[in-house]
Amino acid sequence: MYIIQLRYLSFFFGLISILSFFNIIYSYYLNLYLNLDTYYYCLFISLIISLIFYKVKILEKKPNIYHKILTVFFGYISLPLILSIPYYLSIYNLTFLNSFFEAISGFTSTGFTIFENIKHIDQSLILWRSSTQWIGGLYFLYSIIYLIDIYDQSFKKTFTNFFSLNSSEILKQAIKIFLLYSFLTLIIFIILNLFSIRAFDSLNLAFTLISSGGFLPVNDLSNIIKENSQIIILSLLMMFSFFSIFFSYNLILFRDKNSNFFYEDFHLIIYYVMVITLFFLFFSFNNNFSNNLLSLSSSMSNIGFSLDSERQNLTFIFLILVIIGGSFFSTSSGLRFIKLYSLFKYSINQILSFSRPKNIFMNRLIFTKINFDFDEINKYFLTIIIFILSLFILTSLLSLSGIEFENSFKLSILTLMNTVNSSIYGLSEFNFNNLHFFTKYTLIFFMIIGRIELLTVLLLIKKFLFKN
0 MYIIQLRYLS FFFGLISILS FFNIIYSYYL NLYLNLDTYY YCLFISLIIS LIFYKVKILE
60 KKPNIYHKIL TVFFGYISLP LILSIPYYLS IYNLTFLNSF FEAISGFTST GFTIFENIKH
120 IDQSLILWRS STQWIGGLYF LYSIIYLIDI YDQSFKKTFT NFFSLNSSEI LKQAIKIFLL
180 YSFLTLIIFI ILNLFSIRAF DSLNLAFTLI SSGGFLPVND LSNIIKENSQ IIILSLLMMF
240 SFFSIFFSYN LILFRDKNSN FFYEDFHLII YYVMVITLFF LFFSFNNNFS NNLLSLSSSM
300 SNIGFSLDSE RQNLTFIFLI LVIIGGSFFS TSSGLRFIKL YSLFKYSINQ ILSFSRPKNI
360 FMNRLIFTKI NFDFDEINKY FLTIIIFILS LFILTSLLSL SGIEFENSFK LSILTLMNTV
420 NSSIYGLSEF NFNNLHFFTK YTLIFFMIIG RIELLTVLLL IKKFLFKN
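Counting from 0, one number per residue, gives the positions in the sequence shown under numbering that gives the first Met the number 0.
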């Protein structure tokens with residue numbers, strides 16, 4: 000029996016070959032021949048692997064949740080290996096570890112980079128960096144569907160209002176997600192162009208924003224974004240990776256869908272407006288509010304970059320926003336707002352039930368008819384426990400590797416939440432290139448852990464360490 004479902008991964012290897020082809024065309028168009036042969040290697044290798052994986056015989060027996068988790072995890076290892084080829088074979092003399100680190104960072108939409116000066120990289124490789132984020136964001140969305148069984152029943156039930164989980168509809172639904180993801184990318188690209196951002200930068204930013212990535216085509220965002228109108232529109236476009244992509248799709252096309260599916264996004268709108276309002280009232284007296292808006296949107300969507308200089312008094316708040324995260328079906332990371340809100344509401348109801356035993360308290364989300372049961376609360380609680388444990392382990396390992404504790408703690412949060420290290424977190428000057436190889440492998444592993452649902456870690460531990 001095949002543990003890894005290779006046919007599931009064949010589509011993404013095929014997609015890498017298509018992106019390689021586009022990079023080849025782009026390189027010829029702009030006469031960028033320095034790294035041209037690397038994209039040919041990547042195209043042929045990924046295409047061959049895609050065909051081999053597709054030809055693997057499909058099992059008659061339905062794969063269980065453990066096979067699916069291992070398949071997704073294997074994808075987070077194997078796909079970046081192919082994506083690292085243009086880095087490794089480029090003229091920049093990158094080691095295999097640095098190449099793999101850059102590819103993993105892009106594919107997990109984290110944004111840590113070993114390049115100290117982006118100006119020294121040719122445009123084709125910059126575009127390739129952004130492409131790795133784009134395909135990584137798409138892989139993450141597909142993985143949510145593939146691992147749908149581990150989510151709470153209320154989410155699964157409302158999710159099926161839009162997306163069919165019938166096996167006979169798999170190809171049709173996969174195409175729907177791909178077209179929707181590509182369409183939203185195109186919308187972001189067009190809007191950025193309308194606000195006088197040059198086409199190359201707009202394309203790279205579009206790949207970054209839709210995937211909740213952290214790579215920039217320049218060293219500093221201020222080289223691209225200079226006007227207040229550009230800052231505001233960039234802040235709003237970051238919300239494409241904060242809300243569910245189906246929510247964005249309906250807003251753009253004014254489609255009338257079952258509102259129960261968007262219950263999480265309704266809560267996120269309230270959450271976003273409240274945070275913006277509080278910052279406007281209490282933290283914008285001596286600072287430009289548009290910069291604050293960008294930092295807030297960037298943190299809440301787990302993108303991470305900003306225009307601000309380091310502000311130690313707000314670093315903790317921005318990190319909290321990073322940890323909370325966005326929607327279930329979005330490319331943002333985090334623990335997810337609706338989980339934390341549900342857990343908080345349930346805890347308050349439990350406390351009130353002891354103080355007022357004669358009253359009945361409903362565990363229902365406001366503005367909906369959805370109730371969450373005790374099993375779902377257990378899952379949410381376990382997710383937080385696993386996050387805290389992962390944070391402790393990673394912080395300890397980074398501290399032991401010689402990084403001071405405060406930076407280790409911040410970097411651990413950003414790694415697990417797949418958020419780039421920028422000035423608003425006090426880590427803009429952090430150098431990943433000079434890290435010890437053990438530290439780099441540690442960050443690689445935890446970037447992947449942060450990208451898959453944290454509950455899957457517990458499921459794998461239960462499967463392989465506690466066998467009957």
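By construction, the Cβ of each residue, glycine as well, lies at the ideal position given by its N, Cα and C atoms.
Since the model is a prediction, treat every value here as computed from it, not as a measurement.
Below 8 Å, enough C-beta pairs join the stretch 212-222 and the stretch 94-112 to call them touching: three or more.
In this chain, the alpha helix (DSSP H) harbouring histidine 266 covers 262-281. For arginine 6, the closest C-alpha among the options Ser298, Thr70, Phe386 is that of Thr70. Residue state for lysine 61 is assigned as coil, using DSSP reduced to three classes. With a beta-carbon spacing of about 4 Å, asparagine 203 and serine 129 fall inside the 8 Å limit used to define contacts.
Looking at Phe242, Leu208, Asn222, the one whose alpha-carbon comes closest to that of isoleucine 232 is Leu208.
Just so you know, the alpha carbons of phenylalanine 444 and phenylalanine 245 end up roughly 30 Å apart. The Cβ-Cβ distance between aspartate 121 and leucine 18 does not fall below 7 Å. Sequence-distant partners of leucine 35 (beyond 5 residues in either direction) whose C-beta falls short of 8 Å from its own C-beta, in its chain, are Ile23, Ser26, Tyr27, Ser123.
Counting C-beta atoms within 10 angstroms of its own C-beta, alanine 205 has 16 or more neighbours from the protein chains shown and is therefore classed as buried. With fewer than 16 other Cβ atoms from the protein chains shown falling within 10 Å of its own Cβ, histidine 435 counts as exposed. Isoleucine 384 and isoleucine 143 have their C-alpha atoms some 21 Å from each other.
Annotation: the continuous alpha helix (DSSP H) that includes leucine 202 extends over 198-210. Apart from sequence neighbours up to five positions away, the residues of its chain that approach isoleucine 423 with a beta-carbon distance below 6 Å are Ser294, Ser305, Asp307, Phe317, ordered along the chain. A check of alpha carbon separations from glycine 13 across Leu78, Lys61, Lys175 identifies Leu78 as the nearest. For lysine 118, there is no enclosing alpha helix (DSSP H), since its DSSP letter is neither H nor E. Under the Cβ criterion (8 Å, minimum of three pairs), the stretch 189-196 does not count as touching the stretch 81-99.
Residues Lys338, Ser341, Leu342 of the same chain have their beta carbon placed closer than 7 Å to that of tyrosine 379, with the five preceding and five following residues left out of the count. For a cut-off of 8 Å, the C-beta gap from asparagine 290 to phenylalanine 282 is around 11 Å, too long to register as a contact. By the neighbour-count criterion, in which 16 or more other beta carbons inside 10 Å mark a residue as buried, asparagine 222 falls on the exposed side. Counting of Cβ neighbours within 10 angstroms places isoleucine 47 among the exposed residues, the total staying below 16. Here glycine 303 is buried: its Cβ has 16 or more other Cβ atoms, across all protein chains shown, within 10 Å.
In the DSSP assignment, glutamine 4 falls outside any alpha helix (DSSP H) and carries neither an H nor an E.
For threonine 112 against phenylalanine 431, the beta-carbon gap comes to about 7 Å, under 8 Å, which counts as contact.
For leucine 31, there is no enclosing alpha helix (DSSP H), as DSSP gives it neither H nor E. The Cβ atoms of valine 321 and methionine 446 lie no closer than 7 Å to each other. The three-state reading of DSSP puts isoleucine 232 in helix, counting H, G and I together. Isoleucine 302 sits in coil when the DSSP states are folded into three classes, being neither helix nor strand.
Contact between phenylalanine 328 and serine 240 is ruled out by a C-beta separation of about 11 Å, above the 8 Å threshold. Bounds of the alpha helix (DSSP H) holding methionine 446 are 436-450.
Phenylalanine 111 sits in coil when the DSSP states are folded into three classes, being neither helix nor strand.
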